[in-house]
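Colleague: Here's a structure for you.
Spelled out as structure tokens, the structure:
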């Protein structure tokens, strides 16, 4: 199994916070779930992300939470016959302010955080027909930046 591709030079968003990444010895195969903690409204943002994936040996691996688990928790469970195809990100003031996830079903989860507005920076990671299998980024009290790993569907 080839190593997944890392998309986003250092994650989309700010340079504050500490770099967060998966274990370099782990090769993610597919996502099981993603959890997001967020705050809505005009000053909304993504406070934290955690996720669970299966590696190349079908071992379940938990990552995060990266950030603080304040705000509204949202859990996206990904079925065995489903995979993530797209991640839409908005950033403002050196924070990730919203995340939207698209799956192969097709299903749309989000936006989580604040509704995107004029002046926000928007980024899309669209890997279809491949799948998003893990994430990396930067975090402190908030999620500051996010990127994704992609791989062919398992």
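Numbering (full-length UniProt numbering), first residue to last: 1 to 154. For each residue, glycine too, the CB sits at the ideal point set by N, CA and C.
1. So, are the CB atoms of residue 60 and residue 52 less than 8 Å apart?
2. Checking 8 Å against the spacing of the C-beta atoms, do residue 135 and residue 148 come in under that value?
3. Using 8 Å as the threshold, is the region 72 to 86 in touch with the region 99 to 106, meaning 3 or more CB pairs across them?
4. Go ahead and pull the three-state DSSP assignment for residue 82.
5. Identify the residues that DSSP records as bridge partners of residue 67: which are they?
6. Could you say which of 4, 46, 141, 79 lies nearest to residue 107 if we only look at CA atoms?
7. Determine the extent of the beta strand (DSSP E) in which residue 58 is found, giving its start and end residues.
8. Identify, in the order they occur along the chain, each residue of the same chain with its Cβ nearer than 7 Å to the Cβ of residue 36, setting aside the five sequence neighbours on each side.
9. Quick one: what's got a C-beta closer than 8 Å to residue 77's C-beta in the same chain, skipping five residues either side?
10. Apart from the five residues just before and just after residue 19, which ones in its own chain have a Cβ nearer than 7 Å to its Cβ?
11. Taking the continuous beta strand (DSSP E) assigned at residue 34, which residues delimit it?
Modeller: Let me spell this out:
1. As a working note, residue 60 is residue 60 in the chain shown. As a working note, residue 52 is residue 52 in the chain shown. Yes, they are a contact pair.
2. Position 135 of the chain shown holds residue 135. Position 148 of the chain shown holds residue 148. Their beta carbons are under 8 Å apart, which means residue 135 touches residue 148 by this criterion.
3. yes
4. Reading the chain shown from its first residue, position 82 is the one you call residue 82. Coil at residue 82, not helix or strand.
5. Mapped onto the chain shown, residue 67 falls at position 67. 48.
6. Walking along the chain shown from the start, residue 107 turns up at place 107. Selected option, being the one with the closest Cα: 79.
7. Here the question's residue 58 lines up with position 58 in the chain shown. Run containing residue 58: none; DSSP gives neither H nor E here.
8. By 1-based counting over the chain shown, the position of residue 36 is 36. Cβ within range, chain order: 46, 49, 74, 99, 112.
9. Here residue 77 is taken as the residue at index 77 of the chain shown, counted from 1. Counting only Cβ-Cβ distances below 8 Å, and skipping sequence neighbours, we find 32, 33.
10. In the chain shown, residue 19 corresponds to position 19, counting from 1. If we look at residue 19 and ignore the five residues flanking it on each side, its Cβ neighbours are 138.
11. For the purposes of this step, residue 34 is taken as residue 34 along the chain shown, with counting starting at 1. Note, residue 34: beta strand (DSSP E), 28 to 39.
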